[in-house]
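FYI, the numbering for the sequence shown is 4 to 226, going by our numbering.
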Amino acid sequence: MKNKEAAVVVFSGGQDSTTCLLWAKENYKTVYAISFDYGQRHRLELECAKKICEKLGVTHKIMDMGLLNEIAPNSLTRMDIKVDESAPLQGTPNSFVDGRNMIFLTFAAVYAKQLGITDLITGVSQSDFSGYPDCRDIFIKSLNVTLNLAMDYEFDIITPLMWIDKEQTWEMADKLGGFDLIRNETLTCYNGILGDGCGNCPSCKLRKKGLEAYLEKKAAVHN
Ligand code: ZN
4 MKNKEAAVVV
14 FSGGQDSTTC
24 LLWAKENYKT
34 VYAISFDYGQ
44 RHRLELECAK
54 KICEKLGVTH
64 KIMDMGLLNE
74 IAPNSLTRMD
84 IKVDESAPLQ
94 GTPNSFVDGR
104 NMIFLTFAAV
114 YAKQLGITDL
124 ITGVSQSDFS
134 GYPDCRDIFI
144 KSLNVTLNLA
154 MDYEFDIITP
164 LMWIDKEQTW
174 EMADKLGGFD
184 LIRNETLTCY
194 NGILGDGCGN
204 CPSCKLRKKG
214 LEAYLEKKAA
224 VHN
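Structure, rendered in structure tokens:
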């Protein structure tokens with residue numbers, strides 16, 4: 004039931020944010036998506052985002068954030084930095100981009116306010132925390148307060164995936180009718196391979212583990 008007016012979705016073209024986009028389409032009369040070009044080494048990511056928005060009939064805005072790569076080079080933007088295969092013993096993995104979610108959500112909020120929209124949707128999840136501090140619920144709540152104070156506006160940052168894992172994210176996508184779209188047309192792989200990806204990078208492993216668990220569960224229910 005579309006019982007809410009409008010929302011802005013922070014959209015990367017990956018599994019999580021595409022699930023959020025489908026969720027938003029189900030709940031809102033009007034949905035806008037905003038993507039950020041921060042020099043991702045896999046340009047296909049933005050192409051995927053664009054195609055998915057076209058397919059779903061969502062207004063899509065791509066914002067240039069090249070500056071982020073300049074001041075905080077990381078393994079997602081630089082070919083010469085190899086993605087950590089496992090979580091480091093200390094600190095954040097090198098696929099973590101300092102400040103990324105804070106900056107993206109802040110720009111999304113500015114954009115939303117210009118459109119008269121209060122609801123911001125992001126696909127962060129504390130269950131798949133992966134050592135990224137800006138995926139935690141406490142950070143989102145804190146930023147929500149800060150944005151409200153900064154712009155004297157009642158933003159509502161909504162995180163449909165915060166407490167669910169990858170298996171449940173697949174389930175949610177399937178219920179929203181987007182299983183095939185997400186399986187075949189999203190890009191989550193750190194090596195830039197569409198759909199099921201390379202199968203070996205940390206992101207593919209997480210996605211695959213969730214998919215297998217979900218398919219197994221679904222088969223058990225049907226049998
Ligand atoms: Zn991969």
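For glycine and all other residues, C-beta sits at the position ideal for the given N, C-alpha and C.
Helix, strand or coil: how does DSSP classify HIS2 here? This structure leaves residue 2 out entirely; the chain is present only between 4 and 226.
C-alpha distance - VAL224 paired with LEU118, whole-angstrom precision: Between VAL224 and LEU118, the C-alpha separation is close to 44 Å.
Taking only the alpha-carbon atoms, compute the straight-line gap between ASP186 and ASP140 and give it to the nearest angstrom. Looking at the sequence provided, one finds Arg at residue 186 rather than Asp. Between ARG186 and ASP140, the C-alpha separation is close to 27 Å.
Check: GLY200 C-beta below 6 Å from any heavy atom of ligand 1: yes
Out of curiosity, what's the CA-to-CA distance linking ASN147 and MET66? 21 Å
Quick check: what's the CA-CA separation for VAL127 versus PHE142? The straight-line gap separating the alpha-carbon atoms of VAL127 and PHE142 is approximately 11 Å.
Taking THR109 and LEU150 to be in contact with their CB atoms under 8 Å, please state how far apart those CB atoms are, rounded to whole angstroms. 7 Å
Is there at least one non-hydrogen atom of ligand 1 closer than 6 Å to the beta-carbon of CYS51? no
Please find out if some non-hydrogen atom of ligand 1 comes closer than 6 Å to the beta-carbon of ASN187. no
Out of VAL100, MET165, TYR41 and GLU157, state which residue places its alpha-carbon closest to the alpha-carbon of ALA112. Closest by alpha carbon: GLU157.
Count the other CB atoms within 10 Å of the CB of MET4; is the residue buried (16 or more) or exposed (fewer)? exposed
Is ASN194 near ligand 1, in the sense that its beta carbon is under 6 Å from a heavy atom of that ligand? yes
Using the three-state DSSP reduction, which class does LEU209 fall into: helix, strand or coil? helix
Confirm, please, whether the CB-CB distance from TYR135 to GLU170 is below 7 Å. no
Here's the rule: buried if 16 or more other CB atoms are within 10 angstroms of the residue's CB, otherwise exposed. What is LYS212? exposed
Count the other CB atoms, across all protein chains shown, that sit within 10 Å of the CB of GLY181; report buried if there are 16 or more and exposed otherwise. Under this definition GLY181 is a buried residue.
Would you call the CB atoms of LEU24 and VAL11 closer than 7 Å? no
Check whether the Cβ atoms of TYR247 and ILE37 lie closer than 7 Å to each other. Residue 247 lies beyond the range of the chain shown here (4 to 226); nothing can be said about it.
Please classify SER15 as buried or exposed, where buried requires at least 16 other C-beta atoms within 10 Å of its C-beta. buried
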